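For reference, the structure is listed below as structure tokens.
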Amino acid sequence: MGIVKNIAAIAKGMSVTFMEMFKPTIVENYPDGPGPTRGAMFQDRFRGMHVLQRDENGLEKCVACFLCAAACPSNCIYIEAAENTETHRVSGAERYAKVYNIDYNRCIFCGYCVEACPTDAITHGHGFELATYNASSLVYRKEQLLAGTPAHEGANAIFSQYENARLIPKK
Amino acid sequence: MAGSFMRRIAVFMADVTLTVDGKKLTVPAGTLLIEACKSTGIEVPSFCYYPGLSLQGACRMCLVEIEKMPKLQTACTTPVAEGMVATTESDKIKQARKSMIEMLLANHPLDCPVCDAGGECELQDMTFKYGAAESKFMDMKNHRDEQQWSPVVYFDRPRCILCYRCVRVCGEGMDVWALGVQNRGSGSIIAPNKEDHLECEECGMCIDICPVGALTSGAYRYKTRPWEMKHVGTVCTHCGDGCKTTLGVRRADTGMQIVRGDNRDKSGINGDFLCIKGRYAFDFANNPERLQQPLIKRDGKFVPSTWEQAFDLIASKFQEVLASHGPSSIGVVGSNHTSNEENYLLQKFARLVLGTNNIDHHRTADFPALASALAGKKDATASMRDVFNAPAILLIGNNPTEQHPLLAWQIRSNVRLHRAKLYIANSSPIKLRRQATAFVQIAPGSEGAFVQFLTANDAAADAVASPQLTREALSQMRDALKSESGLVIIFGSELRGSDVTALVNYGLSLGAKFICLGDYANSRGAADMGLYPDMLPGYAPVSSATRFHEHWLDEVPTAPGLNLLQLVDAAKAGNLKALYVVGSNPVARYNIDPFVLSKTFVIVQDMFLTETAASADVVLPVANAYEKGGTYTNTCGDVQMLKKAGEFSGVRNDFECIVRIAAGMGCDVHKLVPFGGGGTRADMGQSRGAQSGESDQHAVWLADHNLEPKMSPYDPVAMLDEIQRLVPGYDISRLGLLSGHDEHTQLVQITGATGMGHPELVMPANDKLFTSGTLGRFSATLNTVMERYRTMPEDVEIAAGYDPMVRE
Ligand code: SF4
Ligand code: SF4
Ligand code: SF4
Ligand code: SF4
Ligand code: SF4
Ligand code: FES
């Protein structure tokens, strides 16, 4: 009796295995998939590497108010403010962020900074490939975070880091 | 301020009893309701009311209900009355306050994210408390561009809530009257005195007092936000008045950078007062020319070196010179900007380790003369606080408005709020004469003769005579002074030597207290700590046996050493083999030909490559007073604690440098700095007492004062222990010091020897409002205000059209 019971149990288990074998796969083919994300797919609400947005004129939205830095629970945002002049205008308001660093060694992707921002300047993009062998390269500067084009011109957050690589002139 | 004013009236007026929010309280009659509430811990919101300034009644935030009065009343203008019953919080009041805020916000730009006041704005706080988050107004806001009125003052008109605090503090407080009001009613506009810009003292008081971000500071502009800073309370390092300042510091590439100075918490002798130097001129610390590495001169060129190399070179050079030419071939120059501990250590190093009395500093006032004239009399010096409370003040010489801004503020406030009597004798029509009960313009250089005249020597009147002076005015002042009790006598460096003695004898007969005005932040400390060739700390003559001889000074020559000018002569003659200059620039100050020092091995500790440093052989880059701990003694003798606020990479403080050099010379550092001690772990079983075979008096003193032995030879507090133990007058409350208070010292000389000091060596720097010796040269802000480059008219006339007594 015992043997029959055991064989039945194995057969039942294997049937699940064989059934699954012939179903289509639902795991993303990352990193070997197509497109700039190499097969990775995201929910819209996914909180990835930040993107500093631009307004419709292409000016930076960030006005260096430090509110994101104040909201940040891990204290990883560092800002230095500067004043726009007639000849050098960076943002739409009186001031702009001359330096804007996020330290991804510490960021916990909580989104508080995005909540705090009065100008919707800082957003979460979908960039996630942040791993590195060198911790000091995890401090991202403004140039790395900034969107290439205004959002309505298609600054899709998912692609922005690839766009940046293309649009920001090399020194 | 108003508090002590009220207390003073209280002497004459009976108390009244009233009820606020069900609490019964008794306050002196004449107290304003808002102050009465404050005294019992009830906060009544206010914008336009500011203690110590005239009443305005403009904002109507302080509305309260008072029984038997038909409408809501403004607590800031209502004096208390017997049996008054007031309510400070009710729905009706809340509603009234809310609508007042709605009105204020009607044209307010609400650009808090980019406003420098954001985070510490009184309008933000009130809106948060009383609501009014939605506006009922449909109209477009009336925008005006921000205006820059001066390098330090910016004005954003739509943010202004017309509380007139700025106008009042500039006029009543500063007596500058640079801000005025244009138009009437809600169309009023705050306007600067020169149409589109300001010409004033640039003190920043108006910015500080503005409850919103309408007036903002050019120096702090967009640097950071209030919550991003660390706030450190320390002492201003410019003039001799010793204002407490709260520095806002923020991390930067070079360390901790100071980005703001103010004193909003009103701690310290200055309340919220700071002049331009205290408020903005901390920026010398960030000057790009600042040295970050020790420099050693090789073949006429400076090459950067390590600290070890520099210390080794200095120590071996000192030893070499000592061996070949003896201690008298070495000179030491101290500083008016280093702390008491460093000054004390420096003279101890010179006398104990180098074995010479050749030590001096840039003398800016004749403190020794005052010390010896007082001859040990206690409680005969006035503190900076006394200047605000004294019923009468006599000011001889000096121009405090320019040279001692806080002193001038204290005098003005005292006259304005307490109706103090102010008597001035000066050779020019200084601005403070506008507050004076009596002013005599005496002939230049006749301050000494004026003192003679005061002491009933009528013949001296001729020497004092000037075209602007009548004989009657002179006599009247003398007669009036006779009947003044509680007089504070303040005198500048014009009076020295025997003049000071005469003045002190005259003043003591009236029961007066004295203040001698020296130029720099620690000029008094340098004098008290014995940076003199003929005096030890406490103005004790080197020739007589003192407590210093008992404790550490056994082998020092009892003959006076060379003073600064004699040191220069010795260098000229080739007899000065080494010169150690700490935080001072004698080459520029005394106009010395740098060639004179070419045969001398010169060591300079400074922040910058000054003229003296340029002719040095070794330069050590050191921290300034904002970057270290210690104590400062202001010109009145009030001691305050320095706290480390800024940080600059690559520098060390003077204290450490001196100790390291002494250690390099093989000196037992325990003898120099009393650290470690009986039975503590840091002691390594070697207490000083055990070594010398005596009972350890220092340890006994420490135990007696509930203090612990310090663990590090670089801890200035260990030196403070010794100063407090040995220097007369410095036995002040340590607790008071540590909690940020100012502690007044006694000016008592150890032995009452007279005829001390060399009046001819006193060379006042006469810095003005916009200069501050070497520090001022490297301060960007002080160099950008245009008032620096013009002679201010002695009198800035009252801005036309604004009369503080008339209210709308
Ligand atoms: S996501 Fe959170 S942790 Fe990361 S920067 Fe924003 S607030 Fe800071
Ligand atoms: S990102 Fe937003 S919250 Fe952060 S400083 Fe810029 S404007 Fe302010
Ligand atoms: S003197 Fe100048 S800076 Fe000072 S309160 Fe007046 S206007 Fe403001
Ligand atoms: S500028 Fe500031 S202090 Fe002056 S009236 Fe306006 S709100 Fe008050
Ligand atoms: S009055 Fe003197 S101590 Fe006070 S802030 Fe000005 S310079 Fe500094
Ligand atoms: S505080 Fe009383 S009216 Fe402004």
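Those protein sequence lines, which keep their order, are chains A and B. Numbered by my numbering, the letters in the first sequence go through residues 719 to 889 in order. Numbered by my numbering, the letters in the second sequence go through residues 142 to 949 in order. All C-beta atoms, glycine included, are put in the ideal place defined by N, C-alpha and C. Please read these numbers as outputs of a predicted model, since none were measured by experiment.
**Request:** Tell me M202(B)'s beta-bridge partners as DSSP assigns them.
**Result:** Here residue 202(B) refers to the residue found at position 61 when the second sequence is read from its first residue. According to DSSP, which records beta bridges pairwise, M202(B) is partnered with nothing at all.
**Message:** I'd like to know whether the C-beta of F781(A) is nearer than 8 Å to at least one C-beta of chain B.
**Reply:** For the purposes of this step, residue 781(A) is taken as the residue at position 63 of the first sequence. Before going on, a small fix: residue 781(A) reads as Val here, not Phe. V781(A) counts as touching chain B.
**Request:** Identify whether G826(B) lies in helix, strand or coil by the three-state DSSP scheme.
**Result:** By one-based count along the second sequence, residue 826(B) stands at place 685. Note on G826(B): pLDDT 40, under 50, position unreliable in the model; the coordinate value appears next. Reduced to three states, the DSSP call for G826(B) is coil.
**Request:** Go to K458(B), then tell me how far its alpha helix (DSSP H) extends in each direction, as first and last residue.
**Result:** On the second sequence, position 317 is the one that residue 458(B) refers to. 448 to 466 is the span of the alpha helix (DSSP H), which, as asked, contains K458(B).
**Request:** With DSSP as the reference, label L536(B) as helix, strand or coil.
**Result:** What you label residue 536(B) is simply residue 395 of the second sequence in a count that begins at 1. L536(B): strand per DSSP, three-state reduction.
**Asked** Which two residues bound the contiguous alpha helix (DSSP H) that contains Y830(A)?
**Response** Sequence index remark: in the first sequence, residue 830(A) carries index 112 (1-based). Y830(A) -> alpha helix (DSSP H) spans 830 to 834.
**Prompt:** DSSP three-state call for H842(A): helix, strand or coil?
**Reply:** Translated into the one-based positions of the first sequence, residue 842(A) becomes position 124. Strand, per DSSP.
**Message:** With H, G and I counted as helix, E and B as strand and the rest as coil, what does DSSP make of G819(B)?
**Reply:** The residue labelled residue 819(B) in the question sits at position 678 within the second sequence. Because the pLDDT at G819(B) is just 46, under 50, the model does not fix this residue reliably, and the point stays unresolved.
**Length of the line joining the Cα atoms of Y191(B) and A531(B)** = By 1-based counting over the second sequence, the position of residue 191(B) is 50. By 1-based counting over the second sequence, the position of residue 531(B) is 390. Computed Cα separation, rounded: 23 Å.
**Asked** By Cβ distance below 6 Å, which residues in the same chain neighbour I795(A) in space, the five residues on each side in sequence not counted?
**Response** Here the question's residue 795(A) lines up with position 77 in the first sequence. Hits under 6 Å: C786, A787, I820.
**Item:** Opposing strand residues paired with V722(B) [DSSP bridges]
**Value:** Here residue 722(B) refers to the residue found at position 581 of the second sequence. DSSP lists V474(B), V745(B) as partners of V722(B).
**Request:** Output the residues surrounding ligand 5, defined as those with a CB atom closer than 5 Å to any ligand heavy atom, in chain order.
**Result:** C377(B), H379(B), C380(B), D382(B), C384(B), L415(B), C416(B), K418(B), G419(B), P546(B), L547(B)
**Item:** Nearest-angstrom Cβ-Cβ length linking Y685(A) and A800(A), presumed shorter than 8 Å
**Value:** Any question about residue 685(A) goes unanswered here, given that chain A covers just 719 to 889.
**Request:** Go through the stretch 758 to 808 of chain A residue by residue and report every complete run of the beta strand (DSSP E) that reaches 3 residues or more, in order.
**Result:** 767 to 770, 795 to 801
**Message:** Please confirm whether E833(A) has its beta-carbon closer than 8 Å to some beta-carbon of chain B.
**Reply:** Locating residue 833(A) in the first sequence gives position 115, where the first residue counts as 1. Judged by the 8 Å Cβ criterion, E833(A) is not in contact with chain B.
**Prompt:** Which residues in chain A sit within 7 Å of V255(B), going by Cβ to Cβ distance?
**Reply:** One-based indexing of the second sequence puts residue 255(B) at position 114. What V255(B) touches in chain A: V781, C783, A811, E812, R813.
**CA-to-CA distance, P292(B) to K239(B), given in whole angstroms** = Numbered from its first residue, the second sequence carries residue 239(B) at position 98. Numbered from its first residue, the second sequence carries residue 292(B) at position 151. Between K239(B) and P292(B), the C-alpha separation is close to 36 Å.
**Message:** Let's test the definition: count the other Cβ atoms within 10 Å of the Cβ of R822(B) and tell me whether it reaches 16, buried, or not, exposed.
**Reply:** Residue numbering aside, residue 822(B) sits at position 681 when the second sequence is read from its first letter. With a pLDDT of 41 at R822(B), under the threshold of 50, the modelled position of that residue is not reliable, and no figure is offered here.
**Prompt:** Which residues, taken in chain order from the stretch 360 to 373 of chain B, show a beta carbon closer than 9 Å to some beta carbon of chain A?
**Reply:** R362, Y363, K364, T365, R366, W368, E369
**Message:** Please report the distance separating the alpha-carbon of L750(B) from that of F452(B).
**Reply:** The residue labelled residue 750(B) in the question sits at position 609 within the second sequence. The residue labelled residue 452(B) in the question sits at position 311 within the second sequence. Going by the C-alpha atoms only, they are around 18 Å apart.
**Request:** Return the chain-ordered ranges of every beta strand (DSSP E) run that is complete within the stretch 623 to 680 of chain B and spans a minimum of 3 residues.
**Result:** 628 to 632, 654 to 657
**Message:** Any heavy atom of ligand 3 inside 7 Å of the beta-carbon of G193(B)?
**Reply:** Working through the second sequence from its first residue, we reach residue 193(B) at position 52. No, Cβ of G193(B) sits at least 7 Å from all heavy atoms of ligand 3.
**Asked** What number of angstroms, rounded off, separates the C-alpha of R756(A) from the C-alpha of Y851(A)?
**Response** Within the first sequence, numbered from 1, the residue matching residue 756(A) stands at position 38. Within the first sequence, numbered from 1, the residue matching residue 851(A) stands at position 133. If you take the alpha carbons of R756(A) and Y851(A), they lie about 21 Å apart.
**Request:** To the nearest angstrom, report how far apart R929(B) and E275(B) are at their CA atoms.
**Result:** Residue numbering aside, residue 929(B) sits at position 788 when the second sequence is read from its first letter. Residue numbering aside, residue 275(B) sits at position 134 when the second sequence is read from its first letter. Their backbone Cα atoms lie some 47 Å apart in a straight line.
**Request:** Give the single residue among L888(B), D257(B), T228(B) whose Cα lies nearest to the Cα of I656(B).
**Result:** Along the second sequence, read from residue 1 onward, the residue named residue 656(B) stands at position 515. The residue with the shortest Cα to Cα distance from I656(B) is L888(B).
**Message:** Just to make sure I have the definition right: I need the residues of chain B whose C-beta is within less than 9 Å of the C-beta of E801(A). Which are they?
**Reply:** Numbered from its first residue, the first sequence carries residue 801(A) at position 83. Simply R362, Y363.
**Cβ neighbour criterion (16 or more within 10 Å) applied to F736(A)** = Here residue 736(A) refers to the residue found at position 18 of the first sequence. The residue in question, F736(A), is exposed, as its Cβ has fewer than 16 Cβ neighbours within 10 Å.
**Request:** For A788(A), decide whether its Cβ has a neighbour in chain B, counting only Cβ atoms nearer than 8 Å.
**Result:** Against the first sequence, residue 788(A) aligns to sequence position 70. Yes, contact with chain B.
**Prompt:** Say the cut is 7 Å; is the CB of I350(B) nearer than that to a heavy atom of ligand 4?
**Reply:** Reading the second sequence from its first residue, position 209 is the one you call residue 350(B). I350(B): yes, Cβ under 7 Å from ligand 4.
**Asked** Interface residues of chain B around P836(A) at Cβ under 9 Å?
**Response** Reading the first sequence from its first residue, position 118 is the one you call residue 836(A). Near P836(A) (Cβ distances below 9 Å), the residues of chain B are C253, P254.
**Which listed residue (S733(A), M732(A), I725(A), M759(A)) has its alpha carbon closest to that of V745(A)** = Translated into positions along the first sequence, residue 745(A) becomes position 27. It is M759(A) whose Cα lies nearest to the Cα of V745(A).
**Request:** Would you list the residues sitting across from D821(A) in a DSSP beta bridge?
**Result:** Here the question's residue 821(A) lines up with position 103 in the first sequence. D821(A) pairs with V857(A).
**Request:** Kindly indicate which three-state DSSP category P211(B) falls into: helix, strand or coil?
**Result:** Along the second sequence, read from residue 1 onward, the residue named residue 211(B) stands at position 70. Coil at P211(B), not helix or strand.
**Asked** What are the start and end residues of the beta strand (DSSP E) that includes V390(B)?
**Response** For the purposes of this step, residue 390(B) is identified with residue 249 of the second sequence, where counting begins at 1. Counting along the chain, the beta strand (DSSP E) containing V390(B) begins and ends at 385 to 393.
**Prompt:** Which residue comes first and which comes last in the beta strand (DSSP E) that contains I330(B)?
**Reply:** Within the second sequence, residue 330(B) is the residue found at index 189, counting from 1. Its beta strand (DSSP E) spans residues 330 to 333.
**Message:** Taking 7 Å as the cut-off, is the C-beta of A222(B) nearer than that to any heavy atom in ligand 7?
**Reply:** Ligand 7 is not among the ligands present in this structure, which contains only ligand 1, ligand 2, ligand 3, ligand 4, ligand 5 and ligand 6.
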